[in-house]
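K.L.:
Sending over a structure as structure tokens; questions will come in a sec.
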């Protein structure tokens, strides 16, 4: 996970103590990626090419550097055509559909 994502999650204004606890537990299970030279160069290119905000550019560059899909709720990331996106809303739909399915055993 990009160090920026970690900071955004933990610094989000208005989260409850319980939400913060869950976020911290999640973050502890992730590998935090700091900005190296390759990510820095990609960040500059992404920002110039797609006119994204600097924190978003760092997050995008990190995902591209790691060759990972980016899980997001932000539709602004759609403009970065080289990025593989997974939208949180889609994950919720899959999760809900799995909850309603029944398995028949023969």
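In full-length UniProt numbering, the protein residues as written are 1 to 106. Don't be surprised by glycine CBs; every beta carbon is placed ideally from N, CA and C.
1) Please check the pair residue 71 and residue 88, which I expect to be a contact at CB under 8 Å, by giving their CB distance rounded to whole angstroms.
2) Grab me the residues of residue 20's own chain with a C-beta within less than 8 Å of its C-beta, minus the 5 sequence neighbours each way, in chain order.
3) Evaluate residue 74 with the Cβ neighbour count: other Cβ atoms within 10 Å of its Cβ, from every protein chain shown; 16 or more gives buried, anything less gives exposed.
4) Decide yes or no for the touch test of the stretch 45-57 against the stretch 79-86: beta carbon pairs closer than 8 Å, at least 3 of them.
5) So, are the CB atoms of residue 61 and residue 37 less than 7 Å apart?
6) Give me the DSSP bridge partner(s) of residue 39.
7) Measure the CB-CB distance between residue 2 and residue 33 and report whether it falls below 7 Å.
8) Return the CA-CA distance between residue 7 and residue 91, expressed in angstroms with no decimal places.
P.N.:
According to the structure shown:
1) About 6 Å; that satisfies the 8 Å criterion.
2) 10
3) Label assigned to residue 74: exposed.
4) yes
5) no
6) In the DSSP output, where bridge partners are listed per residue, residue 39 has none listed.
7) yes
8) When rounded, the distance between both Cα atoms is 23 Å.
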